[in-house]
Amino acid sequence: MSVTERLWSRVEQSGECWEFTGANNGTGYGVISVNGRMVVAHRVAYEEMITEVPAGLMIDHLCRNRRCVNPWHLEPVTNRENARRGAKSFDLTGACMSGRHVATPENVRLRTDGRRRCIACDRERIARMPEAMRTLMRAKNTELKRKERARKREND
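Sequential numbering from 69 applies to the sequence shown in the working numbering.
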């Protein structure tokens with residue numbers, strides 16, 4: 069069975085969004101094997117129905133539904149634009165990605181790569197780590213902050 073046949077055999081086209089019902093990558097995006105590699109299903113759908121995704125771009129879900137593979141709901145954008153749009157929907161849903169914490173400006177950190185993080189989820193994740201790993205993380209963060217301060221001094 070071809071990749072195209074496998075993809076569309078796992079899609080439910082019952083509404084506006086065409087939901088991929090196959091495997092997902094743990095963060096809600098459908099995945100399918102292509103030449104022995106797992107690829108997000110929405111990218112495969114876009115490339116099958118529209119065109120190849122230009123280098124340096126990723127596919128954004130205009131509908132904000134991660135399982136959607138409807139090519140008319142998908143748009144190639146930069147990582148920064150995708151993160152900016154996602155941050156807006158993060159605010160609109162009122163909750164973090166886990167759904168356990170309220171998405172407020174005080175609880176959402178926008179990283180330098182444009183991705184957003186729930187501060188409360190990060191704190192919970194760190195609390196579950198063994199003490200030795202937390203010590204290593206603190207040391208690494210301290211070193212990164214020291215380097216950043218030195219870089220700022222050089223530029224001033």
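Beta carbons: idealized from backbone N, C-alpha and C, even for Gly. Here the structure is a predicted model, which is why all the values come from computation and not from measurement.
About 13 Å separates the CB atoms of V121 and V102; that is not less than 8 Å, and the two are not in contact. Within 10 angstroms of the beta-carbon of I194 lie fewer than 16 other beta-carbons, which makes it exposed. The Cβ atoms of N92 and D128 do not sit closer than 8 Å to each other. Following the DSSP letters along the chain, one finds L178 inside the beta strand (DSSP E) bounded by residues V176 to L178. According to the DSSP assignment, D224 belongs to no beta strand (DSSP E), since it is labelled neither H nor E.
A straight-line Cα-Cα distance of about 44 Å links M197 and M117.
Under DSSP, M106 takes part in a beta bridge, and its partners are S101. Counting along the chain, the unbroken alpha helix (DSSP H) around C189 starts and ends at I187 to R196. Within the model, the alpha-carbon separation for E211 versus R74 is close to 48 Å.
Only buried fits R111, as 16 or more other CB atoms lie within 10 angstroms of its CB.
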